[in-house]
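To start, the structure itself, in structure tokens.
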Amino acid sequence: MEKTIATLQKVQQSAVQLETVLHELWSLVGELEEDAQFIELMEKAKKKGADSSLAELSTKINELENGLSQIPEDGTVAIDLEDNIDEIIEWVKNNK
């Protein structure tokens with residue numbers, strides 16, 4: 001059981017790191033969304049009739065947006081995971 005508890009504690013530590021990374025990710029995405037040059041580039045790329053290089057950029061931006069839409073916008077998913085793992089650790093400790 002000690003090995004299981006140690007592994008669960010490592011998973012829990014990873015969940016804490018995940019929370020930090022999610023906050024950083026969305027903070028940086030927010031900065032990018034406020035970047036005037038990036039906004040202008042996105043607008044050019046999304047216009048109909050854009051040249052092939054801008055059309056390629058538009059595809060890549062769409063892929064980025066799709067990928068970001070699958071990532072939680074805050075760390076609550078990591079916090080929930082951390083809490084759930086903590087509950088499992090406590091159960092294992094109490095029911096050895």
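Going by this note's numbering, the first residue of the sequence shown is number 1, and it counts up by one from there. Each residue gets a CB set at the ideal place from its N, CA and C atoms; glycine is no exception.
- Item | Every unbroken beta strand (DSSP E) inside the stretch 16-96 [3 residues or more] | Within the stretch 16-96, no complete beta strand (DSSP E) segment of 3 residues or longer occurs.
- Test item: CB-CB of I88 and L25 under 8 Å: Position 88 of the sequence shown, counted from the first residue, corresponds to residue 88. Position 25 of the sequence shown, counted from the first residue, corresponds to residue 25. The answer is no: Cβ separation not under 8 Å.
- Inter-residue spacing [alpha-carbon to alpha-carbon] between I79 and L28: Position 79 of the sequence shown, counting from 1, holds the residue named residue 79. Position 28 of the sequence shown, counting from 1, holds the residue named residue 28. Those two C-alpha atoms are separated by around 20 Å.
- Nearest to T7 (by Cα), restricted to the options N95, W91, I85: Taking the first residue of the sequence shown as position 1, residue 7 is located at position 7. Relative to T7, the option among N95, W91, I85 whose CA is nearest is I85.
- Message: In whole angstroms, give me the CA-to-CA distance for K93 and L18.
- Response: For the purposes of this step, residue 93 is identified with residue 93 of the sequence shown, where counting begins at 1. For the purposes of this step, residue 18 is identified with residue 18 of the sequence shown, where counting begins at 1. When rounded, the distance between both Cα atoms is 25 Å.
- To the nearest angstrom, report how far apart L32 and G67 are at their CA atoms. Sequence index remark: in the sequence shown, residue 32 carries index 32 (1-based). Sequence index remark: in the sequence shown, residue 67 carries index 67 (1-based). Cα to Cα, the separation comes out at about 15 Å.
- Query: Which residues in the same chain as V21 place their Cβ atom closer than 7 Å to its Cβ, once the five residues preceding and following it in sequence are excluded?
  - Reply: The sequence position of residue 21 within the sequence shown is 21, counting from 1. No residues qualify anywhere along the chain.
- Message: So, at 8 Å on beta carbons, what are the nonlocal neighbours of A45 in its own chain, with the 5 sequence-adjacent residues on each side left out?
- Response: For the purposes of this step, residue 45 is identified with residue 45 of the sequence shown, where counting begins at 1. Once the five neighbours on either side are set aside, the close Cβ partners of A45 are L54, A55, L57, S58, I61.
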